[in-house]
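Chains as they are written, first to last, in the numbering used here: chain H, 16 to 295; chain D, 6 to 232.
Glycine is no exception: its CB is placed at the ideal position from the N, C-alpha and C atoms.
In this text, all values refer to a predicted model and were calculated from it rather than measured experimentally.
Read through the structure below, which is laid out as structure tokens, and then see the notes.
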Ligand code: SF4
Ligand code: SF4
Ligand code: SF4
Ligand code: SF4
Ligand code: SF4
């Protein structure tokens, strides 16, 4: 009993975030008898509880680049979503909402279990190039270039209307992450993650360190080894920064689950917002 | 290891220079791959096949492709479940909504729930009259198999049309087979709902909904035509 409790506690962030992810995914699929579905549409644009209209700002940006005028309902929806992520943290989307994260995390977990070492190194800035390419192609082609590939909404579509070709793409993505390159998709290639990273660059929700003696003496860096974007923790571990400021941090909480010294915590840093302004 | 180094030094002495070269080639590679991917994506942009019809109130094809965010809200609000978001092998661009008349035609709902649900303007959410919809136009494509052309009175396409006598009429003509009742579509009122195509009694429909550009002629002179 105690062990179970401790186990749960040690994975508290992981479990919470998986629950959120899965609830969101199911909200689009499961119809509650007598009520219907909680959310209609998909992550491109959705209607929650029959009232709240949300739209993905990145997809809307593509329609803008493709030369379409933006309609009001979509614009409002995108502002709500964009505002939320810009205020808290952009890549919250990646670890708390995006269903592809389920696939890529599974691939990474398996990779570790199977001791797959082979790794084609990719640059983490590749995703910004993919992002630029997606927008440029939308502009040149007059259509939503990224949506020809986008595994996120594809995943949702395949759940409703399974198609072989669609499943192949998702399978390829999984295998690429598993066999070819470590955390290739979410950490290096996905332009959606890149977009949200940029959008939430000054997000207020931050992994913050309160350095303790033990953190030093143990010299553990275990947080860095579990982090999907390890470079974001480097300044904190080397005590050059108090908190993780990089937009790449997905706020997944893996570092918090791993830290046994109580050094790290997730904090809403509203003061920083004020002082940053005052400083300027 | 040492030999290896020597070998390399023989080729390009300055490690900094080597690094620069490597970077240049890397960039070049990225640009090349980007261009090829981009080029092929633009050139191969999948367009809608003739049998894939858009829900009512849709923008013209190219504008629709750029406006629709592929959310499927229209799909979910169709009470007859006729719409689908295209997957890879489907006859419309990835993720866009379409229906195939022969499978399930549009029922021309009075309140047009599909269009109302659209957040982006890809479908006109302010549309009020379903009779103004333009999903395509029905064309009697086969005069050889159409039963009415053979002198029988099938007339099913006419009978099932939700706006019978406006969109489609039976026009009598006299031929050597006797008096024929020819199903005649009036392109200015036909909405392209596809009910006629769905119910055509032949194993392959003799009347089909086509995109307007394919289904209609246009009066005026063709410069290549005979003078
Ligand atoms: S990086 Fe992309 S695929 Fe991965 S979780 Fe973020 S949005 Fe989803
Ligand atoms: S710093 Fe922590 S919360 Fe941020 S990505 Fe790394 S493990 Fe996740
Ligand atoms: S008009 Fe009615 S039947 Fe036709 S696509 Fe819209 S909701 Fe479906
Ligand atoms: S509701 Fe509008 S934006 Fe969404 S899939 Fe239908 S046409 Fe496209
Ligand atoms: S498509 Fe056929 S059934 Fe529909 S309005 Fe036109 S003629 Fe009538």
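Exercise for the section: Compute the minimum distance between the beta carbon of residue 207/H and the heavy atoms of ligand 1, and state whether it is under 8 angstroms. Expected result: Within the first chain, residue 207/H is the residue found at index 192, counting from 1. Within the cutoff, so yes.
Practice task
With DSSP as the reference, label residue 166/H as helix, strand or coil.
Solution key: For the purposes of this step, residue 166/H is taken as the residue at position 151 of the first chain. Residue state, collapsed to three classes: helix.
Problem - 9 angstroms Cβ cutoff met for residue 205/H and residue 259/H - result: Taking the first residue of the first chain as 1, we reach residue 205/H at position 190. Taking the first residue of the first chain as 1, we reach residue 259/H at position 244. Result no, Cβ atoms of residue 205/H and residue 259/H do not sit closer than 9 angstroms.
Exercise for the section: Quick one: list the residues of chain D neighbouring residue 59/H, beta-carbon separation under 7 angstroms, in chain order. Expected result: Within the first chain, numbered from 1, the residue matching residue 59/H stands at position 44. What residue 59/H touches in chain D: 74, 75 and 76.
Handout entry: Beta-carbon neighbours of residue 68/D, restricted to chain H and to distances below 9 angstroms
Key = In the second chain, residue 68/D corresponds to position 63, counting from 1. By Cβ distance, chain H contributes 82, 83 and 157.
Exercise for the section: Report the three-state DSSP secondary structure of residue 56/H (helix, strand or coil). Expected result: Position 41 of the first chain, counted from the start, is the residue given in the question as residue 56/H. DSSP places residue 56/H in strand when its eight states are reduced to three.
Handout entry: Rounded Cβ spacing between residue 204/D and residue 161/D (contact assumed at less than 8 angstroms)
Key = Within the second chain, the letter at position 199 stands for residue 204/D. Within the second chain, the letter at position 156 stands for residue 161/D. Confirmed, Cβ separation roughly 5 angstroms.
Practice task
With DSSP collapsed to three states, give me the class of residue 132/D.
Solution key: By one-based count along the second chain, residue 132/D stands at place 127. Taken through DSSP and simplified to helix, strand or coil, residue 132/D comes out as coil.
Problem - Beta bridge counterpart(s) of residue 176/D as assigned by DSSP - result: On the second chain, position 171 is the one that residue 176/D refers to. Paired residue(s): 187/D.
Practice task
Compare the C-beta of residue 185/D with all C-beta atoms of chain H and state if any pair is closer than 9 angstroms.
Solution key: Within the second chain, numbered from 1, the residue matching residue 185/D stands at position 180. No - not a single Cβ of chain H is within 9 angstroms of the one on residue 185/D.
Practice task
Kindly indicate the opening and closing residues of the alpha helix (DSSP H) around residue 100/H.
Solution key: Counting from 1 along the first chain, the entry for residue 100/H is found at position 85. Per DSSP, residue 100/H belongs to the alpha helix (DSSP H) from 87 to 102.
Exercise for the section: Taking a Cβ distance cut-off of 9 angstroms, strictly less, list which residues of the stretch 139 to 164 of chain D are near chain A, in chain order. Expected result: Looking for chain A here will not work: the only protein chains present are H and D.
Problem - Interfacial residues, the stretch 81 to 115 of chain D to chain H, with Cβ spacing under 7 angstroms - result: 81, 89, 90, 92, 93, 94, 98, 99 and 100
Practice task
Check whether the stretch 77 to 86 of chain D touches the stretch 141 to 155 of chain D, taking contact to mean three or more Cβ pairs, one atom from each stretch, closer than 8 angstroms.
Solution key: no
Handout entry: C-alpha gap between residue 24/D and residue 34/D, whole angstroms
Key = Numbered from 1 along the second chain, position 19 holds the residue referred to as residue 24/D. Numbered from 1 along the second chain, position 29 holds the residue referred to as residue 34/D. Cα to Cα, residue 24/D sits roughly 15 angstroms from residue 34/D.
Exercise for the section: Verify the contact flag: residue 195/D, CB atom, against every heavy atom of ligand 1, threshold strictly below 8 angstroms. Expected result: Here residue 195/D refers to the residue found at position 190 of the second chain. For ligand 1, not one heavy atom lies less than 8 angstroms from the Cβ of residue 195/D.
Practice task
Could you name the residues of the stretch 160 to 180 of chain H whose beta carbon sits closer than 7 angstroms to any beta carbon of chain D, in the order they occur along the chain?
Solution key: 160, 162, 163, 168, 172, 176, 178 and 180
Exercise for the section: Determine the closest residue to residue 99/D out of 210/H, 85/H, 26/H and 159/H, with distance taken between C-alpha atoms. Expected result: Position 94 of the second chain, counted from the start, is the residue given in the question as residue 99/D. Here the closest residue by C-alpha is 159/H.
Exercise for the section: Output, in sequence order along the chain, the residues in the stretch 115 to 126 of chain D whose CB is closer than 9 angstroms to any CB in chain H. Expected result: 122, 123, 124, 125 and 126
Practice task
List the residues of chain H whose Cβ lies closer than 8 angstroms to the Cβ of residue 46/D, in chain order.
Solution key: In the second chain, the residue the question calls residue 46/D occupies position 41. 152, 156, 160 and 163, listed in chain order.
Problem - Contacting positions in the stretch 20 to 34 of chain D - beta carbon closer than 8 angstroms to chain H - result: none
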